[in-house]
Amino acid sequence: MNDPYSMAVDDITSALAALRSTINDQKQHNKTLEGSRSSLKALPSGLSFRDLPIPSMDKIMACIRITQESSPSEIYWPFEFGSLGDFTQKVIRACIPGPISDMELIIVHYVLYALFTQCSIGADDETLRQDYDVQAATCRESLETILSSLSFHIDTNIDSVCALYMASLHCLHRGKVSTAWTFISRASLMCLALGLHSSHAMVTEKENAVQRKMCLFWAVYALEKAVALRLGRPSTIRDQDITTPRLTLDRKMTSLAYNRLPDWIDIASLYGRLYDSLYSPTALTQPGSVRVSRTSALASELECMIAARTGYYSQPDLWSSHMLDLNLSRFMIHANRAIEFSTLASIYRGIPTESPSGIKPCTQCITAARVALEESEASIGILLGAVKWPTGLHEWVNEILLIAPFIPLTILVYNVVDTADASDLGCLKGVVEGLQSLAQSPHYASCYRQLRIFKPLYDVAARYVEAKTSRESEDTTSSLFTNPYTDVYVDDDTWLRNEFSPVSSLPLPNMLSLDLLQPPAVTSYDETPEHSQRDLLK
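Written out as structure tokens, the structure reads:
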């Protein structure tokens with residue numbers, strides 16, 4: 001409303017109304033989703049968790065056999081921290097009379113749901129696929145019933161930690177972030193109580209047990225830090241208390257889940273410090289000079305991490321014990337980079353600004369957001385171009401698509417409206433249209449979550465730039481007629497609003513060759529000839 005071209009507001013009223021309606025609907029949806037347990041499944045009266053439906057033993061064993069005969073590159077084994085044999089023993093206890101804990105039932109239903117879903121994706125026969133879907137739905141319903149009725153009093157043991165970790169993942173995949181925090185924060189406190197964070201506490205353990213506990217702890221650590229930052233809450237795990245050795249990227253992993261875990265650990269550590277240093281209530285009260293210094297240190301650290309990963313990204317055989325499908329390798333690389341540069345943009349957003357609105361992103365922030373969005377667009381393009389996607393990865397892919405584009409897209413939408421620079425509209429449009437195409441597949445239906453807000457945001461930005469450009473053109477023409485000696489339209493406000501020249505996007509890695517991947521550097525830009533001309537005119 002305060003824009004010099006205020007009459008252009010009339011041209012985008014409908015777009016703004018659609019955005020406002022979307023925001024109000026989303027607020028109400030979030031209140032319904034997170035504010036009540038009624039959206040979860042209630043345990044029928046007179047029944048125990050033991051009585052909940054579960055697929056027949058013959059169907060379960062057939063599914064497990066498919067899993068056993070599949071290579072790690074073909075199927076995702078969700079029980080990351082135990083063997084298939086250990087899981088089979090839990091299944092037997094769940095299917096026959098006898099004692100079994102609530103935590104073991106969570107593990108059984110969660111894993112079976114994932115395995116039956118993967119079998120459905122890989123099935124060629126339509127009848128068989130429908131049967132797998134029915135079994136998966138049965139396990140999902142039972143799992144959600146257990147989670148909705150779970151007692152506050154839970155035994156502190158490894159199975160409980162694993163079950164709560166899986167429960168948190170399940171909630172995240174369904175958009176229940178606050179509920180996911182309830183489970184993962186409880187799991188992290190159990191890890192501390194069991195001493196999984198301490199190498200001294202595991203000195204007497206057998207090697208296999210130590211390895212499983214280490215992987216479990218670091219998986220909980222990575223997820224807890226990510227969810228905490230997403231909700232703007234302090235982590236329950238202090239890095240200075242951890243003596244358990246980190247998993248490193250230079251060791252060969254045995255599953256697709258392990259391929260990502262070392263990345264998670266390093267980034268998660270930075271997540272915790274990002275909140276503490278920039279976005280915690282105490283950090284937000286610090287002087288601007290302190291915030292700038294902290295921002296520079298965190299950004300430099302992340303840029304070094306991005307550069308260090310380039311060698312591994314170009315040679316997947318260094319970090320995987322099996323050859324990955326080329327499409328999968330490319331997707332993982334672009335997805336990781338999208339998350340990394342989205343985080344970098346979040347870091348640079350911590351720099352205080354002198355603009356009247358107080359939210360104008362700095363040049364480095366906009367540059368990082370552009371790269372993040374380009375990488376997200378590349379990831380979407382790979383999914384759309386793949387003839388067949390590896391089974392069992394759709395939920396992980398959905399989670400990447402939910403997180404990676406959000407911050408960079410909102411930053412660039414603001415920048416487009418603030419500067420009326422249409423150069424970023426193409427990338428914004430590409431991401432929106434890509435998500436619209438992906439959402440047509442039932443496996444990526446969750447893309448509608450982003451589209452509910454992304455599409456109205458893009459529409460507002462696009463219509464605003466169109467209206468403002470048209471208004472500028474009309475005013476320029478009017479100025480030329482009223483002042484025939486002026487051959488250029490000059491407006492002091494225009495110069496002030498464009499304090500920085502547009503920043504070029506960083507180069508996107510060549511999608512056709514992993515060997516050509518290079519780490520783009522987020523740098524400051526020297527004064528351009530346009531700046532010099534501007535100063536002369538002023």
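Following full-length UniProt numbering, the numbering of the sequence shown begins with 1 at its first residue and continues without gaps.
Glycine is no exception: its CB is placed at the ideal position from the N, C-alpha and C atoms.
Residue-level contact to chain D via CB, residue i, 9 Å cutoff
i      : result
Asp-51 : The question asks about chain D, but that chain is absent: this structure has only one protein chain.
Neighbourhood of residue i by C-beta distance below 7 Å, restricted to the same chain and skipping five residues each side
i       : result
Cys-171 : Thr-179, Ala-180 and Phe-183
Thr-295 : Leu-278, Ile-347, Tyr-348, Gly-350 and Ile-351
Leu-16  : Val-460
Cα-Cα separation between residue i and residue j, rounded to whole angstroms
i       : j       : result
Glu-377 : Phe-331 : 11 Å
Arg-230 : Ser-148 : 23 Å
His-29  : Leu-383 : 29 Å
Leu-43  : Ile-242 : 39 Å
Ala-283 : Ile-339 : 23 Å
Ile-407 : Tyr-348 : 12 Å
Ser-446 : Asp-421 : 31 Å
Gly-232 : Gly-350 : 14 Å
Ser-255 : Ala-222 : Because the pLDDT of Ser-255 is 47, which lies under 50, any placement of that residue in the model is unreliable, and the number read from its coordinates should be weighed accordingly. If I take the Cα positions, the gap works out to 17 Å.
Lys-90  : Ser-289 : 56 Å
Leu-326 : Gly-98  : 46 Å
Leu-409 : Val-220 : 29 Å
Val-69  : Glu-395 : Residue identity check: residue 69 is Glu in the sequence provided, not Val. Rounded to whole angstroms, Glu-69 to Glu-395 spans 22 Å at the Cα level.
Ser-314 : Gly-426 : 28 Å
Thr-204 : Gln-240 : 23 Å
Phe-152 : Met-190 : 13 Å
Gln-211 : Gly-175 : 31 Å
Ile-100 : Ser-142 : 15 Å
Thr-13  : Gly-122 : 47 Å
Tyr-444 : Ala-268 : 26 Å
Ile-265 : Arg-238 : 14 Å
Arg-20  : Gln-26  : 10 Å
Gly-434 : Gly-381 : 7 Å
Val-292 : Arg-309 : 26 Å
Ala-299 : Ser-168 : 29 Å
Asn-157 : Leu-216 : 12 Å
Lys-360 : Leu-302 : 22 Å
His-173 : Gln-286 : 36 Å
Asp-159 : Ser-48  : 19 Å
Glu-126 : Leu-150 : 36 Å
Leu-247 : Asn-208 : 15 Å
Same chain, Cβ closer than 8 Å to residue i, neighbours up to 5 away in sequence not counted
i       : result
Ser-379 : Phe-331, His-334, Ala-335, Ala-338, Ile-400, Leu-401 and Ala-404
Ile-23  : Ile-453
Val-177 : Glu-34, Cys-171, Val-227, Arg-230 and Leu-231
Ser-199 : Thr-243, Thr-244 and Pro-245
Met-305 : Asp-266, Ile-267, Leu-270 and Glu-340
Ala-193 : Thr-156
Tyr-448 : Ala-439
Thr-88  : Ile-64
Contacts around residue i, its chain only, beta-carbon distance under 6 Å, and the 5 residues preceding and following it disregarded
i       : result
Cys-119 : Cys-63, Ile-66 and Tyr-132
Asn-415 : Ile-366
Ala-386 : Asn-327
Leu-424 : Note on residue identity: the sequence assigns Asp, not Leu, to residue 424. Cβ neighbours of Asp-424 beyond the five flanking positions: Leu-412 and Val-416.
Residue range of the unbroken alpha helix (DSSP H) whose run includes residue i
i       : result
Ile-92  : 84 to 95
Thr-343 : 326 to 348
His-197 : His-197 -> no alpha helix (DSSP H), and no H or E assigned at all.
Asn-157 : That residue, Asn-157, is in no alpha helix (DSSP H); it is neither H nor E in DSSP.
Pro-408 : 406 to 419
Leu-150 : Per DSSP, Leu-150 belongs to no alpha helix (DSSP H) and is neither H nor E.
Ala-439 : Premise fails: Ala-439 is in no alpha helix (DSSP H) and is neither H nor E.
Ala-283 : Run containing Ala-283: none; DSSP gives neither H nor E here.
Val-210 : 207 to 231
Lys-59  : 57 to 69
Asp-102 : 102 to 122
Gly-175 : Segment: none, Gly-175 is in no alpha helix (DSSP H) and carries neither H nor E.
Leu-373 : 363 to 385
Test item: CB-CB of residue i and residue j under 9 Å
i           : j       : result
Met-214     : Cys-162 : no
Val-465     : Val-431 : no
Ala-439     : Leu-451 : yes
Tyr-275     : Ala-228 : yes
residue 548 : Gly-195 : This structure cannot speak to residue 548, because the chain is shown only from 1 to 538.
Ile-106     : Ile-146 : yes
Thr-236     : Trp-218 : no
Ala-462     : Leu-428 : yes
Ala-307     : Ala-345 : no
Tyr-271     : Lys-206 : no
Ala-94      : Ile-154 : no
Does the region 107 to 115 come within contact of the region 134 to 148, defined as at least 3 CB pairs closer than 8 Å? yes
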